[in-house]
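Student: First to last, the protein sequences are chains D and G.
Sequential numbering of the first sequence, starting at 1, is according to my numbering.
Sequential numbering of the second sequence, starting at 1, is according to my numbering.
Backbone N, C-alpha and C define an ideal beta-carbon position, used for all residues, glycine too.
Protein chains: 2
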Amino acid sequence: MLFLANIQPDLQQQVRAQLPQARFVALDSMNLWIDIARDSLVAAIENVDCVILNDAELRQLTGKPNLVSAAREILSWTPAPGASPEGGRGPSVVVAKQGEYGAALVTREGFFALPAYPLESVIDPTGAGDTFAGGLVGYIAAHPDEQLSDELLRRAMAHATVLASFNVEEFGTERIVRLTGKEVAARIHELHAMTQFSGAPLQLRG
Amino acid sequence: MLFLANIQPDLQQQVRAQLPQARFVALDSMNLWIDIARDSLVAAIENVDCVILNDAELRQLTGKPNLVSAAREILSWTPAPGASPEGGRGPSVVVAKQGEYGAALVTREGFFALPAYPLESVIDPTGAGDTFAGGLVGYIAAHPDEQLSDELLRRAMAHATVLASFNVEEFGTERIVRLTGKEVAARIHELHAMTQFSGAPLQLRG
């Protein structure tokens, strides 16, 4: 498992090349690298499985006007011939971080969106995105025997969303340090309840 | 059923007073009335069941920093003594419109959030909010025998979200005019699939 947190994309590529057999490689980045090192960033993305960016970065990186078209563009990228000795197939997962609105997941199979866990009080949003990414990758790492399916990714998104919600409730890592699995499980259960509805359509009369 | 679309709040109050027995009364407004007629708007809201505003308007109206605290504030409002001869109890439903991110529902019982139906191409966003509100109120109107429960409101939110998604795909009302119930049902089914996940928490090992 490899998470390439936000650093210069050439460095991300060098780290990635050291782990050709990684089961799952995720990459974060930021507007700075899109501005000054876009070609390197695109090359780095072509050799990972999962891109985790915020909505604005996804639009800026691809020049596409919305999340769906931006994600489809990234999912179409494949490594240049010879650039991926380990035979990478290009990214198959795009995760859009949407701050207080939650996060969305786009894969070749489908689309998934999850709201943020609603909080009345946010003390310190610093690190929310990294906590989210760590929660996502960590959940997949904790399930080594499962295929990388949309179903697994959706559970990982819920885990990540809940970890990020705890992180912003106190300063720095204070809340996360003493967080228990039981608290995480309870909040995932709540988040699940907050997103359920019956898909039964309107029954028109007469 | 009564939907008080966005007009001057004293006029909304006069219309509302003509339908004291309405089963469900919803109200929309905008930043202009919060700026220049806030007292009238608050008095109007105190005599409806449901407030439909966007996130920024909810914060501006209440002075609260986020959706949950803003909604809780509005849910605490009750008619001034004598101001509601029909014995209104104040609003019990707050719907936050969040544009491309979807919509959230806050009631005394709980919280619900639903993403927007993802679109690759938005032609004309004009009227999306009104289509959403019409879809919400219309769904409740089409189920006259049901109690106003969170479960009904959640289904109404899904119906509203899908109607709004069709509305923005073409100019003006062009798409809505020829929309069929079958198309709506199919998209509600898709939206439902896009929001499902297993709430099973991480099983820690060792």
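Which term fits D:Arg89, buried or exposed, when burial requires 16 or more other beta carbons within 10 angstroms of its beta carbon?
Tutor: It is exposed - the Cβ of D:Arg89 has fewer than 16 other Cβ atoms within 10 Å.
Student: Give every residue of the same chain whose Cβ lies closer than 8 Å to the Cβ of G:Met157, excluding the five residues on either side of it in the sequence, and list them in chain order.
Tutor: The residues are Val95, Ala103, Leu105, Phe112, Leu114, Leu136.
Student: Could you pull out every residue in the same chain whose Cβ sits closer than 8 Å to the Cβ of G:Asn31, ignoring the five residues on either side in sequence?
Tutor: Excluding positions up to five away in sequence, the list reads Ala56, Glu57, Gln60.
Student: Kindly indicate if chain D contains any beta-carbon less than 8 Å away from that of G:Ala104.
Tutor: Cβ-Cβ to chain D under 8 Å: yes for G:Ala104.
Student: Of all the CB atoms in chain G, is at least one closer than 8 Å to the CB of D:Ala96?
Tutor: Chain G contact via Cβ: absent.
Student: Name the chain D residues whose beta carbon is nearer than 8 Å to that of G:Glu120?
Tutor: Asn66, Val68, Ser69, Arg72, listed in chain order.
Student: Out of D:Ala160, D:Asp124, D:Thr126, point me to the one whose CA is closest to D:Ala141's CA.
Tutor: Of D:Ala160, D:Asp124, D:Thr126, the residue nearest in Cα terms is D:Ala160.
Student: With distance defined between alpha-carbon atoms, name the residue in D:Cys50, D:Tyr101, D:Leu27, D:Glu174 nearest to D:Leu148.
Tutor: Among D:Cys50, D:Tyr101, D:Leu27, D:Glu174, the Cα nearest to that of D:Leu148 belongs to D:Cys50.
Student: Within 10 angstroms of the Cβ of D:Lys182, are there 16 or more other Cβ atoms? Answer buried if so, exposed if not.
Tutor: Its Cβ having fewer than 16 others within 10 Å, D:Lys182 is exposed.
Student: Listing by chain order, which chain D residues have their CB less than 9 Å from the CB of G:Gly110?
Tutor: Ala193, Met194, listed in chain order.
Student: Assign G:Ala193 to one of two classes, buried (16 or more other C-beta atoms within 10 Å of its C-beta) or exposed (fewer than that).
Tutor: So G:Ala193 counts as exposed.
Student: Could you give the distance in angstroms between the alpha-carbon of G:Gly206 and the alpha-carbon of D:Pro144?
Tutor: Its pLDDT being 40, under 50, G:Gly206 is placed unreliably in this model, and the value from its coordinates should be taken loosely. Roughly 14 Å between the two C-alpha positions.
Student: What does D:Ile213 pair with, by DSSP beta-bridge criteria?
Tutor: What is shown of chain D runs 1 to 206, which leaves residue 213 of chain D out entirely.
Student: With a cut-off of 8 Å on the beta carbons, I'd call G:Gln13 and G:Ala43 a contact; round off their distance for me.
Tutor: That belief holds up - the Cβ atoms of G:Gln13 and G:Ala43 are roughly 6 Å apart, short of 8 Å.
Student: Does any residue of chain D bring its CB to less than 8 Å from the CB of G:Ser198?
Tutor: Closer than 8 Å: yes.
Student: Beta-carbon of D:Arg155 versus every beta-carbon of chain G: anything under 8 Å?
Tutor: Closer than 8 Å to some Cβ of chain G, the Cβ of D:Arg155 qualifies, so yes.
Student: Going by C-alpha to C-alpha distance, which of G:Gly138, G:Arg38, G:Ile7 sits closest to G:Asp28?
Tutor: Nearest option by C-alpha distance: G:Ile7.
Student: Where DSSP assigns a beta bridge to D:Ala103, which residues make up the other side?
Tutor: Looking at the DSSP assignment, D:Ala103 forms a beta bridge with D:Lys97, D:Leu114.
Student: Is it the case that the Cβ atoms of D:Arg108 and D:Leu75 are separated by a distance below 8 Å?
Tutor: Going by C-beta atoms, D:Arg108 is nearer than 8 Å to D:Leu75.
Student: Using DSSP's beta-bridge definition, name the partner residues of G:Phe3.
Tutor: Its beta-bridge partners are G:Ala26.
Student: Would you say G:Ala141 faces chain D, with C-beta separation under 8 Å as the test?
Tutor: By this cut-off, G:Ala141 is not an interface position.
Student: Quick one: residues in its chain with C-beta nearer than 6 Å to the C-beta of G:Tyr139, no 5 flanking neighbours on either side, listed in chain order?
Tutor: Taken in chain order, the residues that qualify are Ala156, His159.
Student: Just to confirm before moving on: does the CB-CB distance between G:Pro125 and D:Val68 stay below 8 Å?
Tutor: Not in contact: G:Pro125 and D:Val68 (Cβ atoms no closer than 8 Å).
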